[in-house]
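Structure, as structure tokens:
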Amino acid sequence: MTLPDAFSQAARALREADSVLIGVHVDPDGDAVGSALGLMLVLESAGIDSAPVLPTNDPLPSTYAFLPGADRFILAQDAAVPDVFVALDSPDPRRLVLAEPLARAARTLIMIDHHPDATPGDAIAVLNPEAAATGCLVWELAHHLGVVPDSRTATCLYAALLTDTGRFSYSNTSAKTLRVAAEMVAAGAVPNDIYSAIYENRSAGAQALLSRALGRITFANGGLVAYSWVRDADFVETGARPAEAENLIDHVRALGGVEAVFLVKVNGDGKSRVSLRAKDSADVGSAARELGGGGHRAAAGVTLPGGLDDALAAVLPLLPGGRD
Ligand code: AMP
Ligand code: MN
Ligand code: MN
């Protein structure tokens, strides 16, 4: 199916739907939350009712609570099987976690995603790995639904694009990306307000957590890789909220002279969540996939059993300078 066909099919299925649920990946980021709320608002403008559903029983990350409609997320246990389920920014239905059974039971599944490893199965698949964010694909879908996005919609989708491009700094920041961002601003998204709400609203605890993460930066693989870590106790001791760890990796990434960086979040439940970022031409997506995770060339992640030492032993050999 070509991409224009997929957009048309998705628009038709949504127009004909009796009920629509919108799901996002576990540990939802700005693209996941912004895309879900943006799509809900686009559908509302088209006269279609929908509800965004959380992947787990954890609350929405507080960083994104300012987005229009953020209070309308529901828990999977409170949702009925919908006519149409739209999975956003989730290359694999398993990433929907508690919402996965709803996606599988829906009459129609629509996937809207930009991950290169997306597995569409029999879904209507609106997939474009060239898109900088899933939010850009939702923006395009609005046009296929005949909707002119309002300022609330533009705010949500600009937040999606801002976060997935690392504030318009990653390699997915192209002329097209900036043109889409300009359209969103013209539609009423206010860059300064959205930037401040996401990046300049950190608690003192979050700054203390950042200080710990920066203080622990360690070089490996002959200096080509740098990593850091945070543990559950760091959140308790600093008072940082879990959602405030989302951008720590950007500060590790700010180091010069390295080809890849990663941050390990060691959970009390005996698992470690690893966030990887490549600089220049390194590919951390393949390393994450090799370990059972996924993502893009430049930004990927995986959850591994064990603590910090287990994570280091698994990840370092797969990164630049690690196989020698
Ligand atoms: P993060 O480091 O959590 O911001 O994730 C970076 C990218 O990797 C995102 O595109 C995620 O969707 C993807 N990703 C993170 N964790 C996993 C995982 N456990 N499995 C598959 N993809 C992941
Ligand atoms: Mn995402
Ligand atoms: Mn994304």
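Per our numbering, residue 11 is the first one in the sequence shown, and the count goes up by one each step. All C-beta atoms in this analysis are idealised placements derived from N, C-alpha and C, irrespective of residue type, glycine included.
State the CB to CB distance for the pair residue i and residue j, rounded to an integer number of angstroms; the pair is presumed to be in contact (CB under 8 Å).
{"i": "Cys-146", "j": "Leu-171", "result": "6 Å"}
{"i": "Leu-51", "j": "Thr-163", "result": "4 Å"}
{"i": "Ala-288", "j": "Ala-264", "result": "Actually they are not in contact, since the Cβ atoms of Ala-288 and Ala-264 sit about 14 Å apart, beyond 8 Å."}
{"i": "Asp-216", "j": "Asp-174", "result": "First, the amino acid is wrong: residue 216 is Ala here, not Asp. So it is not a contact: roughly 21 Å between Cβ atoms."}
{"i": "Asn-123", "j": "Leu-137", "result": "The displayed chain sequence assigns Asp, not Asn, to residue 123. Confirmed, Cβ separation roughly 6 Å."}
{"i": "Gly-156", "j": "Ala-56", "result": "7 Å"}
{"i": "Val-262", "j": "Ala-223", "result": "7 Å"}
{"i": "Gly-267", "j": "Gly-233", "result": "7 Å"}
{"i": "Asp-39", "j": "Glu-256", "result": "6 Å"}
{"i": "Ser-161", "j": "Ala-197", "result": "6 Å"}
{"i": "Val-96", "j": "Thr-66", "result": "With a Cβ gap of about 18 Å, Val-96 and Thr-66 do not count as contacting."}
Verify whether the separation of the beta carbon atoms of residue i and residue j is less than 7 Å.
{"i": "His-125", "j": "Pro-101", "result": "yes"}
{"i": "Leu-85", "j": "Leu-64", "result": "yes"}
{"i": "Asp-99", "j": "Ser-45", "result": "yes"}
{"i": "Val-276", "j": "Leu-318", "result": "yes"}
{"i": "Ala-292", "j": "Ala-310", "result": "no"}
{"i": "Ala-1", "j": "His-153", "result": "Because residue 1 is not part of the residues shown, which for the chain are 11 to 334, the question remains open."}
{"i": "Ala-115", "j": "Val-91", "result": "yes"}
{"i": "Val-34", "j": "Ala-42", "result": "yes"}
{"i": "Ala-135", "j": "Met-121", "result": "yes"}
{"i": "Ile-204", "j": "Tyr-168", "result": "yes"}
{"i": "Ser-213", "j": "Ile-227", "result": "no"}
{"i": "Gly-302", "j": "Gly-295", "result": "no"}
{"i": "Asn-231", "j": "Gly-332", "result": "yes"}
{"i": "Ala-253", "j": "Pro-78", "result": "no"}
{"i": "Ala-236", "j": "Phe-245", "result": "no"}
{"i": "Asp-242", "j": "Gly-278", "result": "yes"}
{"i": "Thr-313", "j": "Arg-283", "result": "yes"}
{"i": "Leu-286", "j": "Ala-250", "result": "no"}
{"i": "Ala-133", "j": "Leu-151", "result": "no"}
{"i": "Cys-166", "j": "Leu-322", "result": "no"}
{"i": "Ala-207", "j": "Phe-76", "result": "yes"}
{"i": "Val-148", "j": "Leu-53", "result": "no"}
{"i": "Glu-300", "j": "Leu-328", "result": "yes"}
Per DSSP, which residues does residue i bridge with? Please list them.
{"i": "Ala-135", "result": "Met-121"}
{"i": "Trp-239", "result": "Val-274"}
{"i": "Val-30", "result": "Val-94"}
{"i": "Thr-66", "result": "In DSSP, Thr-66 forms no bridge with anything."}
{"i": "Ile-84", "result": "Val-63"}
{"i": "Ala-310", "result": "Leu-286, Gly-305"}
{"i": "Pro-14", "result": "Looking at the DSSP assignment, Pro-14 forms no beta bridge with any residue, so it has no partner."}
{"i": "Pro-315", "result": "Lys-281"}
Quick check on the DSSP output: the alpha helix (DSSP H) that includes residue i runs from which residue to which?
{"i": "Ala-292", "result": "Looking at the DSSP string, Ala-292 is not in any alpha helix (DSSP H), and its letter there is neither H nor E."}
{"i": "Thr-187", "result": "185-196"}
{"i": "Ala-216", "result": "214-225"}
{"i": "Thr-144", "result": "144-154"}
{"i": "Asn-202", "result": "201-209"}
{"i": "Val-262", "result": "258-263"}
{"i": "Ser-335", "result": "Given a span of 11 to 334 for the chain in the structure shown, any question on residue 335 remains unanswerable."}
{"i": "Asp-172", "result": "First, the residue type needs correcting, since residue 172 is Leu and not Asp in the sequence shown. It spans 161-174 - the alpha helix (DSSP H) in which Leu-172 sits, taken as one unbroken run."}
{"i": "Leu-112", "result": "110-115"}
Give a single yes or no on whether residue i has its beta carbon closer than 6 Å to a heavy atom of ligand 3.
{"i": "Asp-99", "result": "yes"}
{"i": "Thr-144", "result": "yes"}
{"i": "Asp-59", "result": "no"}
{"i": "Asp-260", "result": "no"}
{"i": "Asp-37", "result": "no"}
{"i": "Asp-320", "result": "no"}
{"i": "Ala-102", "result": "Residue identity check: residue 102 is Asp in the sequence provided, not Ala. No, ligand 3 has no heavy atom inside 6 Å of this Cβ."}
{"i": "Asp-174", "result": "yes"}
Indicate, with yes or no, if ligand 2 has a heavy atom lying under 6 Å from the CB of residue i.
{"i": "Asp-41", "result": "yes"}
Of all Cβ atoms in chain D, is any one closer than 7 Å to the Cβ of residue i?
{"i": "Asp-203", "result": "Here there is only one protein chain, and chain D is not present."}
Could you tell me if the beta carbon of residue i falls within a distance shorter than 6 Å of some heavy atom in ligand 1?
{"i": "Val-312", "result": "yes"}
{"i": "Ser-181", "result": "no"}
{"i": "Ser-213", "result": "no"}
{"i": "Ala-309", "result": "yes"}
{"i": "Gly-278", "result": "no"}
{"i": "Ser-238", "result": "no"}
{"i": "Gly-316", "result": "no"}
{"i": "Gly-44", "result": "no"}
{"i": "Ser-221", "result": "no"}
{"i": "Ser-285", "result": "yes"}
{"i": "Gly-33", "result": "no"}
{"i": "Gly-303", "result": "yes"}
So the beta strand (DSSP E) residue i belongs to, where does it begin and stop?
{"i": "Ala-230", "result": "228-230"}
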